[in-house]
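Report on the following structure.
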Amino acid sequence: MDMVETLKKAGIIPVIVIEDEAQAVPLARALVKGGLPVLEVTFRTKAAAGAIAAIAREVPEAVVGAGTLLTPAMVKAAKAAGATFGVAPGFDPVVVQAAKDADLPFCPGVATASELSQALTAGAPMVKFFPAEAAGGVKMIKNLLGAFRFTGVKFMPTGGVNLSNVGEYLAVPEIVCCGGTWIVPKDALKAGDWAAIEKLAADAAAIARNR
241 MDMVETLKKA GIIPVIVIED EAQAVPLARA LVKGGLPVLE VTFRTKAAAG AIAAIAREVP
301 EAVVGAGTLL TPAMVKAAKA AGATFGVAPG FDPVVVQAAK DADLPFCPGV ATASELSQAL
361 TAGAPMVKFF PAEAAGGVKM IKNLLGAFRF TGVKFMPTGG VNLSNVGEYL AVPEIVCCGG
421 TWIVPKDALK AGDWAAIEKL AADAAAIARN R
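Number 371 in this note's numbering belongs to position 131 of the sequence shown; there are no gaps in the numbering.
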């Protein structure tokens, strides 16, 4: 899997926190139907591995990755569950190496020039800029690019990105995609309101197509 090209084609990646594994499949189907087939299921809950496995098994049109991978054990669990890529909120060389050992395409997180430099040295093909808005948003990314553009670095901003500002992020060529939690609101997920989630996905997908 070419992670950068897959994520670039998607444009916007729903960042999902699943507490109930039974919700995974209908949620994934709603997101795919809305036009967002690449999903990031965070490893913040006990249901994460089972949710990834269920999506990988029952929603073949979805590309499911694992987010919030903080330890080598999480990397191994994500890979075993069927995740096709991994994402972390920060940069940890031990976790980056674990992803390499597991043959799991991996996107570590950065928020500073020093972290970005370390991620590039570790061979990261792209980085998650997190928390995007709190860390300076589009302006900060453009400033980083002033020093790092020549490296070919690619970004996935996440954190504070929403429907009102995602277009500004996607207008930057080096930003291949954005991660968004707004596409799967907690109340809609809890209620199983798949139609509402599909609509949010469709709205986001329309922006991604017109970048």
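By construction, the Cβ of each residue, glycine as well, lies at the ideal position given by its N, Cα and C atoms.
- In the displayed model, MET380 falls within a helix according to three-state DSSP.
- In this structure VAL255 is in contact with GLY307, their Cβ atoms being roughly 6 Å apart against a cut-off of 8 Å.
- In the DSSP assignment, THR352 is bridged to no other residue.
- Rounded to whole angstroms, the separation of the alpha carbons of ALA353 and ILE423 is 29 Å.
- For ILE415, DSSP records a beta bridge to PHE395.
- The beta carbon of ALA374 sits closer than 7 Å to those of GLY399 and GLY400, all from its chain and outside the five residues before and after it, given in chain order.
- Counting the other CB atoms within 10 Å of its CB gives LYS379 a total below 16, which places it among the exposed residues.
- A check of alpha carbon separations from PRO365 across VAL412, ARG449, LYS340 and ALA441 identifies LYS340 as the nearest.
- Exclusion of the five residues before and after VAL350 leaves PHE331, LEU356, ALA359 and VAL367 as the residues of its chain whose Cβ lies within less than 6 Å of its Cβ.
- For the pair GLY407 and ILE381, the CB atoms are not nearer than the 9 Å cut-off.
- Exposure of ALA313 is indicated by the presence of fewer than 16 other C-beta atoms within 10 angstroms of its C-beta.
- For ILE258, there is no enclosing beta strand (DSSP E), since its DSSP letter is neither H nor E.
- Going by beta carbons, ALA444 and GLY274 fall inside the 9 Å limit.
- Membership of VAL336 in the alpha helix (DSSP H) is indicated by the continuous run 333-341.
- Where LYS368 is concerned, the enclosing beta strand (DSSP E) starts and stops at 367-369.
- Residue environment analysis places ALA372 among the buried positions, since at least 16 neighbouring C-beta atoms fall within 10 angstroms of its C-beta.
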